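Chains as they are written, first to last, in my numbering: chain A, 34 to 245; chain B, 47 to 366.
For reference, the structure discussed in these notes is given below.
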Amino acid sequence: MASPREIEVKRRALMAATVATAAVGAVAQRAGAQTTPARAAPPAMKVSFTVNGKPRDLDLDPRTTLLDALREGLHLGGTKKGCDHGQCGACTVILDGRRINSCLTLAVMHPGSEITTIEGLGTPDKLHPMQAAFVKHDGYQCGYCTPGQICSAVAVLAEIEAGIPSHVTADLNAKPALDDAELRERMSGNICRCGAYSNIVEAIGEVAGRKA
Amino acid sequence: MKPFTYERAASPAEAATAAARQPGARFIAGGTNLLDLMKLQIETPDHLIDVNGLGLDRIEETQDGGLRIGALVRNTDLAADARVRRDHAVLSRALLAGASGQLRNRATTAGNLLQRTRCPYFYDTNMACNKRRPGSGCSALGGYSRQLAVVGGSEACIATHPSDMAVAMRVLDATVETVKPTVKPEGATRKIPIADFHRLPGDTPEIETVLEPGELITAVTLPKPAGGTHHYRKVRDRASYAFALVSVAAIVQPDGSGRVALGGVAPKPWRREDAEAEMSRGAKPVMAKLLAGARPTEENKFKLPLAERALAAVLAEAKG
Ligand SMILES: Cc1cc2nc3c(=O)[nH]c(=O)nc-3n(C[C@H](O)[C@H](O)[C@H](O)COP(=O)(O)OP(=O)(O)OC[C@H]3O[C@@H](n4cnc5c(N)ncnc54)[C@H](O)[C@@H]3O)c2cc1C
Ligand code: SF4
Ligand code: FES
Ligand code: FES
Numbered sequence: 034m035a036s037p038r039e040i041e042v043k044r045r046a047l048m049a050a051t052v053a054t055a056a057v058g059a060v061a062q063r064a065g066a067q068t069t070p071a072r073a074a075p076p077a078m079k080v081s082f083t084v085n086g087k088p089r090d091l092d093l094d095p096r097t098t099l100l101d102a103l104r105e106g107l108h109l110g111g112t113k114k115g116c117d118h119g120q121c122g123a124c125t126v127i128l129d130g131r132r133i134n135s136c137l138t139l140a141v142m143h144p145g146s147e148i149t150t151i152e153g154l155g156t157p158d159k160l161h162p163m164q165a166a167f168v169k170h171d172g173y174q175c176g177y178c179t180p181g182q183i184c185s186a187v188a189v190l191a192e193i194e195a196g197i198p199s200h201v202t203a204d205l206n207a208k209p210a211l212d213d214a215e216l217r218e219r220m221s222g223n224i225c226r227c228g229a230y231s232n233i234v235e236a237i238g239e240v241a242g243r244k245a
Numbered sequence: 047m048k049p050f051t052y053e054r055a056a057s058p059a060e061a062a063t064a065a066a067r068q069p070g071a072r073f074i075a076g077g078t079n080l081l082d083l084m085k086l087q088i089e090t091p092d093h094l095i096d097v098n099g100l101g102l103d104r105i106e107e108t109q110d111g112g113l114r115i116g117a118l119v120r121n122t123d124l125a126a127d128a129r130v131r132r133d134h135a136v137l138s139r140a141l142l143a144g145a146s147g148q149l150r151n152r153a154t155t156a157g158n159l160l161q162r163t164r165c166p167y168f169y170d171t172n173m174a175c176n177k178r179r180p181g182s183g184c185s186a187l188g189g190y191s192r193q194l195a196v197v198g199g200s201e202a203c204i205a206t207h208p209s210d211m212a213v214a215m216r217v218l219d220a221t222v223e224t225v226k227p228t229v230k231p232e233g234a235t236r237k238i239p240i241a242d243f244h245r246l247p248g249d250t251p252e253i254e255t256v257l258e259p260g261e262l263i264t265a266v267t268l269p270k271p272a273g274g275t276h277h278y279r280k281v282r283d284r285a286s287y288a289f290a291l292v293s294v295a296a297i298v299q300p301d302g303s304g305r306v307a308l309g310g311v312a313p314k315p316w317r318r319e320d321a322e323a324e325m326s327r328g329a330k331p332v333m334a335k336l337l338a339g340a341r342p343t344e345e346n347k348f349k350l351p352l353a354e355r356a357l358a359a360v361l362a363e364a365k366g
């Protein structure tokens, strides 16, 4: 039987091949589009930032999104690519303390930043309280949206703590409540195809309650 | 994405000059609209000028009691600013009604004003669209036009401006401050009233604002607080994370007078000061003037009564 290491090597080779085919496809497409002349690929750029506490240096095509840098450059596959257009939240990471869609920002725009992905929140034997609550409350089915949901949820509680209002906050000048309506509104940028929403709200509510 | 080169600008004037030097250059702020469009090759800049490091991220009080909002202030920070919440609440409300928490954490004041339309044919590169490819025609006229403009459009384009924030800024009489890429004098500035900032499409729908090539937005200023009660009512297909079908931004004074602007109905935030004379008489007479000359399609004519009812709800809320 193949060892985990061999499987990992094969998986990487397969990924590299997929990326190469995609590149050929892109070139063919570009040649076909006669309105805009083909442009040479730009030279790679260096960028250094901290991911999950570790300093990282990358040489990247400036077109690389932060999402692709994390997944393909650093092999941190926890952060997911759903729509790649800011519409689903699967790619949510925490950048300098704030949740963002990593698919809609370029990696080269973030020198010196501190990035936290799902891999940095907790580990299988030392789960972050939010990860543990998602497990306890079945806050997922297929799990594809889950890393984004959890990163988002951790940041949502910090946003409420910091007094940042939301669309459903009745009094803009008072501290926002920690009720289900607030949690639902604030989590609306994370879509779950499996519809695990009610359990997600329960999981976040439990962590919020523990904190309060 | 098409290949591009990337630089970080050192000062606002240098950013503007660098942009003017390279006709294919674009500024990038939050990137949440530009990168989306670049992935679809609707925008194909060959050079990006990152304006995030220019120090334009502060909100300061002006001498006349208003606020000067840096172009790079994130939508989250603007909505949460204590002075904005207290004195310009319609702006907080409009921002919080837009996009998602993640997007608002990146989206900037200038980028939000300059975001492009969500017309489905603008996004579909297989379809004719005068805004995306001037002269190719408009697929929305006679096509799927439910979300599109009922007033202010033209034979060439009936796209709406999708911003919520801009509607509130219109009702607050904001001013857009810019720096121009002129060589002499280096970095000339100008102030553009928000009413004049966005253009109607006419026969050049690809030109959406009065900005000149390379002109950089540095700030948006708000005059001293308008008083009254502030309202932003957004009607959409789902309760959150969707663009407006119709939105109403209003400031209502205790005597029933006030201001109103609409989102989701026109190529720019839609306000007519002459309609506001009718505010104390109710939604119907206001809308009669505000939406005078409307030319809805069969699919979007529902927006006319919807806008009137949304304003009626706002006026009822204002009475308490
Ligand atoms: C899924 C989704 C849902 C959304 N929902 C809503 C919604 O409900 N309501 C709403 O209002 N918006 C919504 N948005 C749009 C969002 O508000 C905009 O994408 C955002 O405000 C753009 O700001 P940015 O800083 O990211 O701009 P960028 O993408 O960086 O730039 C946009 C444009 O502005 C130019 N630019 C940026 N800064 C300057 C400057 N200082 N001077 C001159 N030019 C400049 C850029 O060159 C570019 O052309 C949504 C977006 C997404 C992806
Ligand atoms: S309405 Fe405007 S943006 Fe939409 S297809 Fe017509 S020209 Fe293009
Ligand atoms: S992958 Fe980024 S929001 Fe969907
Ligand atoms: S658990 Fe399957 S998409 Fe959310």
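Heads up, the beta-carbon is just placed ideally off N, CA and C, and yes, glycines get one too.
Note that the structure is a prediction, hence the values are computed from the model and not measured.
Closer than 7 Å at the beta carbon, the chain A residues around residue i
i        : result
ILE82/B  : Note that residue 82/B is Asp in the sequence shown, not Ile. Here the neighbours are HIS118, GLY119 and LEU137.
ASN151/B : ARG131, ARG132 and ILE133
Cross-chain neighbours of residue i in chain B, by beta carbon under 8 Å
i        : result
VAL234/A : What VAL234/A touches in chain B: nothing, since even the nearest Cβ is about 13 Å away.
GLY122/A : SER146 and GLN148
Euclidean distance between Cα positions of residue i and residue j
i        : j        : result
GLY112/B : LEU137/B : 13 Å
ALA77/A  : ALA241/B : 43 Å
LEU350/B : LEU194/B : 12 Å
HIS118/A : LEU137/A : 7 Å
PRO331/B : ALA203/A : 30 Å
ALA66/A  : ARG284/B : With a pLDDT of 40 at ALA66/A, under the threshold of 50, the predicted position of this residue should be treated as unreliable, and no value is reported.
SER191/B : HIS200/A : 27 Å
LEU107/A : ARG120/B : 28 Å
ASN2/A   : ALA186/B : Here chain A comprises residues numbered 34 to 245, so residue 2/A is not present and cannot be evaluated.
PRO239/B : VAL141/A : 35 Å
VAL234/A : CYS124/A : 19 Å
PRO162/A : VAL240/A : 7 Å
ALA340/B : LEU100/B : 42 Å
ALA64/A  : GLN174/A : Note that ALA64/A has pLDDT 36, beneath the 50 cutoff, so the model's placement of it is unreliable and no number is given.
VAL256/B : ALA321/B : 25 Å
ARG45/A  : ALA165/A : Note on ARG45/A: pLDDT 41, under 50, position unreliable in the model; the coordinate value appears next. Roughly 30 Å between the two C-alpha positions.
ARG226/A : GLY176/A : 10 Å
LEU336/B : ASN98/B  : 38 Å
VAL60/A  : ARG96/A  : Confidence is the limiting factor: at VAL60/A the pLDDT is only 36, short of 50, which leaves the residue's position unreliable, though a coordinate-based value still follows. Those two C-alpha atoms are separated by around 15 Å.
GLY160/B : ARG129/B : The question names Gly, but residue 160/B in the sequence shown is Leu. Cα to Cα, the separation comes out at about 24 Å.
Residue i Cβ short of 6 Å to ligand 4 heavy atom set
i        : result
CYS178/A : yes
CYS184/A : no
ARG217/A : no
Residue i: CB within 6 Å of a non-hydrogen atom of ligand 2
i        : result
TYR167/B : yes
PRO251/B : yes
SER185/B : yes
THR163/B : yes
LYS177/B : yes
Chain-ordered chain B contacts of residue i [CB-CB under 9 Å]
i       : result
GLY86/A : Those within 9 Å of GLY86/A in chain B number zero; the least Cβ separation is about 21 Å.
ALA73/A : PRO49
heavy atom of ligand 1 below 6 Å from residue i C-beta
i        : result
ASP133/B : no
VAL222/B : no
GLY144/B : yes
ILE74/B  : yes
THR78/B  : yes
Closer than 6 Å: residue i CB and nearest ligand 5 heavy atom
i        : result
CYS136/A : Within the structure as shown, ligand 5 is missing, the only ligands being ligand 1, ligand 2, ligand 3 and ligand 4.
Heavy atom of ligand 3 within 6 Å of residue i beta-carbon
i        : result
LYS114/A : yes
GLY119/A : yes
ALA123/A : yes
Cβ distance (whole Å) where residue i is taken to contact residue j below 8 Å
i        : j        : result
VAL196/B : PRO342/B : 4 Å
PRO75/A  : PHE50/B  : 6 Å
LEU102/B : PRO166/B : Incorrect: roughly 33 Å between the Cβ atoms, too far for contact.
GLU53/B  : ILE115/B : Not confirmed; about 25 Å, so no contact.
HIS277/B : ALA296/B : 5 Å
PRO208/B : PHE289/B : 5 Å
ARG72/A  : LYS48/B  : 6 Å
VAL298/B : ALA364/B : 4 Å
ARG150/B : THR122/B : 4 Å
Contacts of residue i in chain C (Cβ-Cβ under 7 Å)
i        : result
ARG132/B : Within the model displayed, chain C is absent; protein chains A and B are what it includes.
Residues that residue i contacts on chain B, provided the C-beta gap is smaller than 7 Å
i        : result
MET163/A : Neighbours of MET163/A on chain B: none; closest Cβ ~16 Å, over 7 Å.
GLY222/A : SER146, GLY147, GLN148, LEU149 and TYR287
Amino acids of chain A, ordered along the chain, whose beta-carbon sits closer than 8 Å to that of residue i
i       : result
GLY77/B : LEU137, THR138, LEU139 and MET142
LYS85/B : ASP117 and HIS118
* **contact_flag[the stretch 144-151 of chain A, the stretch 196-210 of chain A] where n(CB pairs < 8 Å) is 3 or more** => no
Any contact between the stretch 185-196 of chain A and the stretch 60-72 of chain B? By contact I mean 3 or more CB pairs, one from each, below 8 Å. no
ask   = How do the stretch 125-133 of chain A and the stretch 188-197 of chain A stand: do at least 3 beta-carbon pairs fall below 8 Å, yes or no?
value = yes
If we count Cβ pairs, one from each stretch, closer than 8 Å, do we get three or more for the stretch 321-328 of chain B versus the stretch 164-182 of chain B? no
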